[in-house]
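Report on one structure; see the data block that follows.
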Amino acid sequence: MPRLVGSSRAKEIVITGRQVKSEEALRIGLVDEVVPNEQLHQRALSLASEVAKGALHAHALMKRAIDEGLSSALADGLLLERRLFTEVFHTDDSQVGVQSFLEHGPGKANFTGK
549 MPRLVGSSRA
559 KEIVITGRQV
569 KSEEALRIGL
579 VDEVVPNEQL
589 HQRALSLASE
599 VAKGALHAHA
609 LMKRAIDEGL
619 SSALADGLLL
629 ERRLFTEVFH
639 TDDSQVGVQS
649 FLEHGPGKAN
659 FTGK
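Each residue of the sequence shown is one higher than the one before, counting from 549 in the numbering used here.
Below, the structure is given as structure tokens:
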């Protein structure tokens with residue numbers, strides 16, 4: 549939480565046990581999105597569908613770069629990003645994505661996860 553909202557605000561929330569309402573959580577960066585309760589299930593399905601259509605191997609490498617980069621020195625994190633970026637370009641999905649982009653524009657590729 550301190551990385552998201554800062555150490556002072558994180559301490560205040562944790563020590564007081566104060567409940568953070570959704571609008572405040574969005575404003576301070578604790579959550580990325582707020583939707584009404586009646587739209588929650590549909591929004592979750594929509595987001596899951598959007599993610600599942602992507603290049604899943606590339607997603608895994610991006611998550612790894614972010615997670616490991618946060619706990620590394622800047623130079624090490626940048627080196628890891630460069631290595632993983634190169635790895636992504638050796639996947640089938642990379643070729644599918646480039647070809648689809650050139651032929652149909654962005655967001656139209658049918659990735660295989662390979």
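In this text, a Cβ means the ideal position worked out from N, Cα and C, and glycines have one as well. Predicted model only: the values in this text are computed from it and were never measured.
- The alpha helix (DSSP H) spanning K611 covers which residue range? L604 to L618
- Item | For E581, the three-state DSSP class (helix, strand or coil) | coil
- Using 8 Å as the Cβ pair cut-off and three pairs as the minimum, do the region 590-610 and the region 552-569 touch? no
- Classify D580 as buried or exposed, calling it buried when 16 or more other Cβ atoms lie within 10 Å of its own Cβ. exposed
- Message: Let me check understanding here. Comparing Cα to Cα, which of K656, Q647 and V553 lies closest to L578?
- Response: V553
- Item | Contacts around Q647, its chain only, beta-carbon distance under 7 Å, and the 5 residues preceding and following it disregarded | none
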